[in-house]
Amino acid sequence: MIVLLQPASKGQTTWKASDYKLETYRKVMVLAKVTDPASRKQLEEYTVRLLNEKGIVAITAYENVKKTDGVSREAFLVTADSLQVDALLIYSVNGTVKRAESTSTVSVGVGVGGYNGYAGASVPIAGGAKVVTDVKLSVYLYNRASVDEQWAMQLSGTVDGSTDKLAYTFAKSVVKAMIKDGMFITKK
15 MIVLLQPASK GQTTWKASDY KLETYRKVMV LAKVTDPASR KQLEEYTVRL LNEKGIVAIT
75 AYENVKKTDG VSREAFLVTA DSLQVDALLI YSVNGTVKRA ESTSTVSVGV GVGGYNGYAG
135 ASVPIAGGAK VVTDVKLSVY LYNRASVDEQ WAMQLSGTVD GSTDKLAYTF AKSVVKAMIK
195 DGMFITKK
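This is the structure in C-alpha cells:
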C-alpha cells in the first residue's frame, strides 16, 4: 500500500520547458496516481485547495473523472472539454523501498529496596525497529498547448506517520515550486 512522503522531503528538483508560454487556464485538474484511495484523495484535495488559495481554479480528478488509466489522449480531452480543464497536474510514484529503522528506546527504572539493600534495573517499555518506506515521486504539468510535459518536479522522502500531514506538506511544496517557477498567472 502506497502512502505519501514524510513532511520533510529529502530531495526536490524542478524542470520547466524552455518553450513554455504563460497563459491563463480556465481550470487545472489534479490527478494523483497512488494506490491508496485515502492518500490519493488527500493529495488531490490539498493541492486543489492550495491552488485555489493562489487564485488558480483547480479541481480533483477523483471526483470528476471515472477512469484515468488506459484512456487515450483524445478521450481524455473530450472529458477535459466538458469540465473546462486546460491543464493537468499528475502525481505518480516512481518507486518504493521498505527498510527497517531503529527507534529510540524508552526505559523506566524499577527498584526494590529494603532494610539493608537495594536492587534496581532499567526496563525497556518502547522502542526497537520499525519499517519505513522510502518513496520517489514525480509531478508533471501538461497543458493543451503541447503534448509534452511543461513542468516537472522530483521528490523523495520517507513514509512514516499520518498521510494527512504528509499529503498537505507534499502539496504545499509542489504549489510553492510551481508559483516560484512562474507556471501560472495568479489572481491573488
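Take 15 as the starting number for the sequence shown in the working numbering and just add one per residue. In this text, a Cβ means the ideal position worked out from N, Cα and C, and glycines have one as well. Here the structure is a predicted model, which is why all the values come from computation and not from measurement.
Of the residues Gly171, Thr74 and Ala31, the one whose Cα lies closest to the Cα of Leu102 is Thr74. Straight-line measurement puts the Cα of Trp165 at about 38 Å from the Cα of Thr117. Glu67 and Thr61 have their C-alpha atoms some 10 Å from each other. A Cβ-Cβ contact shorter than 9 Å links Tyr34 with Met197.
By the beta-carbon neighbour count (other beta carbons within 10 angstroms, threshold 16), Asn157 is buried. Secondary structure at Ala143: strand, using DSSP grouped into helix, strand and coil.
With a cutoff of 9 Å on beta-carbon distance, Val44 and Leu57 are scored as near each other. The Cβ neighbour count for Asp178, taken over all protein chains shown within 10 Å, is under 16; the residue is labelled exposed. Ranked by Cα distance from Val153, the options Ile199, Val99, Thr38 and Val189 are led by Val189. With a threshold of 16 other beta carbon atoms within 10 Å, Gly142 falls short and is exposed. With fewer than 16 other beta carbons inside 10 angstroms of its own, Asp162 counts as exposed.
Here Arg40 is exposed: its Cβ has fewer than 16 other Cβ atoms, across all protein chains shown, within 10 Å.
By the Cβ-count criterion, Ala181 is buried, with 16 or more other Cβ atoms from all chains shown falling within 10 Å of its own Cβ.
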